[in-house]
Amino acid sequence: MDAEKLGSLERIDRRWIFLILALVVGIAVIVEPVFPDRAGELVRPIFDHLDALPAGTPVLISLDYSPSSAPELEPMAAALTRHAMIRGLPICFISLWPTGNNMAERLESGVLREEYPAAEVGKDWVVLGYQAGGELLAHAVVDSLGARFRSDVRGVPLNELPALTTVTGLRDFGLVISLSAGVPGLKEWILYVGDAGHVPLAGGCTGVGAPQFFPYYPRQILGLMAALKGAAEYEAALSARYPDSVPATMQATRGMGPQAVAHLVIVLFIVMGNGALLWRRWRSGRTA
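If you count the sequence shown from 1, position 144 lands on 150 in the numbering used here, and the numbers rise without skipping.
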């Protein structure tokens, strides 16, 4: 390979890179390649804990995110919802974010009512929804849900909801999970509920927020789903354990295909550019 060709590789117009990347990702979105996955050490404890809970044990999922973070966090919520429905665990949805009610509605229409038509609101799941207060709200309901929630979003009193008949406060849930895109979110649940209230706690977060939560594992949170990869790992564990009870390919698994292809193309361009640079330097050294 002559020096001129090597130079062209090093100086390739970035617009060609963007075009090739867009074409490859577009094809991957259409083809929907699926790559095998498995639950890692951060995700597996959440799945195992939920899977070991006795049937009828309520779990709480706090939807602490907005539509802008839904592509990363909503697949986690859907996978957890499916797991709970399979295991017969009533779900209680709350939120520290004003957008939480809308996120719960999406889960109700997209997962619960569509995939589990026999499930009943109030019995198999309840939506208590958003309440203002952030970390103060989370801390207030450690001992008593009724301290801040008088009814669900439909106006049904708590004592008339079969899903919560065994629940007084957060300690009565088999697991509390915060799916967090920012503040207030998982960190506040750790500080004001997990540490102070000794409540079993797990979480999910966006990719950019994951590093701040790694130090809390495994003593203060039993597991963490990080970004779309964490959701895909949970889906993989769910598919492996209950292959006949969940969709063959779920949202995060479908999303990981184009993402993996995009990463591969980027790595190839990096290898090509650096390879050309190293080859030119080696040739120059031999010539000298």
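Just so it is clear, CB atoms sit at the ideal spot from N, CA and C, and this is done for glycine as well.
Check whether the Cβ atoms of residue i and residue j lie closer than 8 Å to each other.
i: Gly-261; j: Leu-234; result: yes
i: Leu-283; j: Ala-187; result: no
i: Val-162; j: Gly-128; result: yes
i: Ile-227; j: Ala-208; result: yes
i: Gly-236; j: Met-82; result: yes
i: Thr-212; j: Ser-75; result: yes
i: Leu-185; j: Asp-43; result: no
Three-state secondary structure (DSSP) at residue i?
i: Trp-288; result: helix
i: Asp-70; result: strand
i: Ser-251; result: coil
i: Trp-103; result: coil
i: Ala-61; result: coil
i: Ser-150; result: coil
i: Glu-232; result: Before going further, note that residue 232 is Ala rather than Glu in the sequence given. Note: Ala-232 maps to strand in three-state DSSP.
i: Tyr-222; result: helix
i: Leu-167; result: coil
i: Gly-297; result: The chain is shown only over 7 to 294; residue 297 falls outside these bounds and no answer can be derived.
i: Tyr-240; result: helix
i: Ala-3; result: Look at the range of the chain in this structure, 7 to 294, and you will see that residue 3 is not part of it.
i: Tyr-136; result: strand
i: Val-30; result: helix
i: Ala-325; result: For residue 325 there is no data in the structure shown, the boundaries of the chain being 7 and 294.
i: Val-40; result: coil
i: Gly-263; result: helix
i: Gly-209; result: strand
i: Val-182; result: strand
i: Ile-52; result: helix
How many Å lie between residue i and residue j at the Cα?
i: Val-40; j: Arg-88; result: 20 Å
i: Leu-66; j: Ile-183; result: 6 Å
i: Val-159; j: Arg-93; result: 25 Å
i: Gln-265; j: Ala-153; result: 44 Å
i: Leu-270; j: Gly-200; result: 39 Å
i: Leu-118; j: Trp-131; result: 9 Å
i: Ala-34; j: Phe-275; result: 18 Å
i: Asp-250; j: Ala-125; result: 18 Å
i: Leu-27; j: Arg-289; result: 31 Å
i: Ala-144; j: Pro-51; result: 23 Å
i: Gly-279; j: Val-30; result: 19 Å
i: Ser-150; j: Thr-174; result: 5 Å
i: Val-205; j: Val-273; result: 42 Å
i: Ser-157; j: Pro-123; result: 24 Å
i: Ala-202; j: Glu-114; result: 32 Å
i: Leu-142; j: Phe-155; result: 13 Å
i: Ala-268; j: Thr-171; result: 48 Å
Leaving out the 5 sequence neighbours to the left and right, which residues in its chain are closer than 6 Å to residue i when beta-carbon positions are compared?
i: Gly-62; result: none
i: Tyr-222; result: Ile-196
i: Leu-48; result: Gly-229 and Leu-230
i: Leu-102; result: Asp-70, Gly-140 and Pro-190
Is the shortest distance between the beta-carbon of residue i and the beta-carbons of chain D less than 8 Å?
i: Ser-72; result: Chain labels in this structure do not include chain D; a single protein chain is all it has.
Leaving aside the five residues before and after residue i along the sequence, list all residues of the same chain whose C-beta is less than 8 Å from its C-beta, in chain order.
i: Ala-45; result: Phe-53, Glu-239, Tyr-240, Ala-242 and Ala-243
i: Leu-59; result: Val-65, Arg-93, Leu-95, Gly-180 and Leu-181
Can you name, in chain order, every residue of its own chain whose Cβ lies under 7 Å from the Cβ of residue i, other than the five neighbours on each side?
i: Gly-263; result: Ala-34, Glu-38, Pro-39, Val-40 and Phe-41
Can we count residue i as close to the ligand PLP, meaning its CB is less than 7 Å from some heavy atom?
i: Ser-72; result: Among the components of this structure there are no ligands whatsoever, and the ligand PLP is therefore not found.
Segment contact, 8 Å Cβ cut-off, at least three pairs: the segment 174-188 with the segment 82-98: yes
Cβ pair count under 8 Å reaching 3, the segment 130-141 against the segment 102-110: yes
Segment contact flag, the segment 22-35 with the segment 204-224, C-beta cutoff 8 Å, min 3 pairs: no
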